[in-house]
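Here the structure is laid out as structure tokens; the discussion comes afterwards.
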Amino acid sequence: MYQILTDSECDLPLSTLQASDVDAISFHVKMGDKDLINDFGKSYDINEFYKQIQEGALPTTTQVNVGEYFEFFKPYVEAKTPIVYVGFSGGLSGSMSSANQAKEMLLETYPDADIRIVDTLAASGGEGQMVLSAIRLQKSGASLDEFVDWFDKNKMRLQSWFTVDNLNYLYHGGRISRTSAALGTLLKVKPILDIDGNGKLQMVAKTRTRKKSLIEIADKIIEAIKDDEDQPIIITTSGDYAAAEIVKEHIIEKVSEADIQIYPIGMTISSHTGFGCVAVFAMGAQARY
């Protein structure tokens, strides 16, 4: 049997991962002079973190380095357990590159090791959807080769729709210009974003009110799931749970039996979206890119 590994950016509850014996590596955030570990809330209060960014704090993030991945993978390699790391988009972080470098280093010492790296090209609940798919595949008896082949063929079906309430964090993260952030704030523009075919965040539309942006991302998921309305849907938010409920309620109005879970966005991604990001994720029938 192979071991499924992931990272803290999947934004699934720790209990969900533990129930299926999925291990996760933690990303890091620096808030002022404090170094924080994104360890699914074991060492920090996520709502306190949201409060700080809502008040204007600008935390910084760092990618997981090669040495950390090396030590994360090593015990399984030493035990001769095949591993597959289902990880955070390489288009959003250099951590995926670090994971691949750690793999090559381990293979120098353990040439017979079976180490697979899957770039989900996703973030937050989108990565979470991929991890849940990984768990289902393993439980269905899929071999490791079948597992990786499924991801190659299906990961571009993932629908990831985001909106944010504060454009300044997108500016600080290099996603939009200072002028666009200032003008957008003045005009109360709310962006609609998704993840492109390279796993990078992109703005695809703009609305003039918060409510419209929430309804639009809900409508995009309703359209995506029309051929598979029984699938799980994940909504994540960096603190605005009322807004997340608006998205959930709108989906349920159109798809009454929808299976929807709302989870908090972890510190790393929240550092780049600011307070009030709402995102929704499901699998579409066709590849988006």
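Read in order, the letters of the sequence shown are residues 237 to 525 in this note's numbering. All C-beta atoms in this analysis are idealised placements derived from N, C-alpha and C, irrespective of residue type, glycine included. These numbers were taken from a predicted model, which means no experiment stands behind them.
DSSP state of Phe324 mapped onto helix, strand, coil:
Here residue 324 refers to the residue found at position 88 of the sequence shown. Of the three classes helix, strand and coil, the one that applies to Phe324 here is coil, per DSSP.
My output table needs one value for Val354: the three-state DSSP class, helix, strand or coil.
Your numbering for residue 354 matches position 118 in the sequence shown. Strand at Val354.
Relative to the alpha-carbon of Val521, which residue among Glu459, Ser279, Thr473 and Gly475 has its alpha-carbon at the smallest distance?
Residue 521 sits at position 285 when you count from the first residue of the sequence shown. Here residue 521 turns out to be Ala, not Val, going by the sequence shown. That would be Glu459, whose Cα lies nearest to the Cα of Ala521.
Name the one or two DSSP bridge partners that Leu272 has.
Counting from one through the sequence shown, the residue named residue 272 turns up at place 36. Per DSSP, Val265.
Of the residues Gly502, Ala518 and Met519, the one placed nearest Gly512, counting alpha carbons only:
Taking the first residue of the sequence shown as position 1, residue 512 is located at position 276. Considering only alpha carbons, the answer is Gly502.
According to the Cβ coordinates, are Ile233 and Ile496 closer than 7 Å?
Because the chain here runs from 237 to 525, residue 233 falls outside it and cannot be looked at.
Pick from Ala335, Ser279, Tyr280 and Ile273 that is closest to Thr242, judged by C-alpha positions
The sequence position of residue 242 within the sequence shown is 6, counting from 1. Cα-wise, what sits closest to Thr242 is Ala335.
Within its chain, find whatever has a CB closer than 7 Å to the CB of Leu250; leave out the 5 residues flanking it on each side and keep chain order.
Start at 1 with the first residue of the sequence shown, and residue 250 comes out as number 14. Closer than 7 Å at the Cβ level, and outside the excluded window around Leu250, lie Phe276.
Does the beta-carbon distance from Pro295 to Ser492 come in below 7 Å?
Counted from its first residue, the sequence shown places residue 295 at position 59. Counted from its first residue, the sequence shown places residue 492 at position 256. It is not a contact, given that the beta carbons lie outside the stated cut-off.
Give me the DSSP bridge partner(s) of Ser474.
To locate residue 474, count along the sequence shown from 1; it is residue 238. The partner list for Ser474 (beta bridge, DSSP) is empty, contrary to what the question assumes.
Residue(s) in a DSSP beta bridge with Val367
Here the question's residue 367 lines up with position 131 in the sequence shown. Beta-bridge pairing links Val367 to no other residue.
Tell me the rounded alpha-carbon separation between Val320 and Ala358.
Here the question's residue 320 lines up with position 84 in the sequence shown. Here the question's residue 358 lines up with position 122 in the sequence shown. Between Val320 and Ala358, the C-alpha separation is close to 16 Å.
Is it right to say Asn283 is buried, meaning 16 or more other beta carbons lie within 10 angstroms of its own, or is it exposed?
Within the sequence shown, residue 283 is the residue found at index 47, counting from 1. It is exposed - the Cβ of Asn283 has fewer than 16 other Cβ atoms within 10 Å.
Can you have a look at Gly292 and say buried or exposed, based on whether 16 or more other CB atoms are within 10 angstroms of its CB?
Start at 1 with the first residue of the sequence shown, and residue 292 comes out as number 56. Classification of Gly292: exposed, given that the 10 Å Cβ count is below 16.
Member of Asp247, Val322 and Ile488 whose CA lies at the smallest distance from the CA of Lys391
Start at 1 with the first residue of the sequence shown, and residue 391 comes out as number 155. It is Val322 whose Cα lies nearest to the Cα of Lys391.
Please classify Lys339 as buried or exposed, where buried requires at least 16 neighbouring CB atoms within 10 angstroms.
Indexing the sequence shown from 1 puts residue 339 at position 103. Classification for Lys339: buried.
Asp385 - DSSP class collapsed to helix/strand/coil
If you number the sequence shown from 1, residue 385 lands on position 149. Of the three classes helix, strand and coil, the one that applies to Asp385 here is helix, per DSSP.
Among Leu343, Val300, Val354 and Phe308, which one has its Cα closest to the Cα of Gly330?
In the sequence shown, residue 330 corresponds to position 94, counting from 1. Comparing Cα-Cα distances from Gly330 to each of Leu343, Val300, Val354 and Phe308, the minimum goes to Val300.
Residues that Phe517 bridges to, as DSSP identifies them
Start at 1 with the first residue of the sequence shown, and residue 517 comes out as number 281. Paired residues: Ser396 and Ile470.
Using 7 Å as the limit for Cβ to Cβ distance, is Arg372 near chain D?
Protein chains in the displayed structure number just one, and chain D is not present.
Should Val516 and Ile453 be called a contact, given that it needs their Cβ atoms to be closer than 7 Å?
Reading the sequence shown from its first residue, position 280 is the one you call residue 516. Reading the sequence shown from its first residue, position 217 is the one you call residue 453. In contact: Val516 and Ile453 (Cβ atoms closer than 7 Å).
In terms of residue numbering, what span does the beta strand (DSSP E) encompassing Pro427 cover?
To locate residue 427, count along the sequence shown from 1; it is residue 191. Lys426 to Ile431 is the extent of the beta strand (DSSP E) around Pro427.
Other residues of its chain near Asp257: CB distance less than 8 Å, five sequence neighbours each side excluded:
Taking the first residue of the sequence shown as 1, we reach residue 257 at position 21. Within the same chain, Asp257 has close Cβ partners Gln239 and Ile240.
Going by the DSSP bridge assignment, what does Tyr305 pair with across the sheet?
Residue 305 sits at position 69 when you count from the first residue of the sequence shown. Looking at the DSSP assignment, Tyr305 forms no beta bridge with any residue, so it has no partner.
Cut-off 6 Å between Cβ atoms - residues of its own chain near Asp472, not counting five sequence neighbours on either side
Taking the sequence shown and counting its residues from 1, one reaches residue 472 at position 236. The residue you asked about is not Asp; residue 472 is Thr in the sequence shown. Asp247, Ser360, Gly361, Tyr499, Ile501 and Ala515, listed in sequence order.
Are there three or more Cβ pairs, one per stretch, closer than 8 Å when the region 478-489 is compared with the region 435-454?
yes
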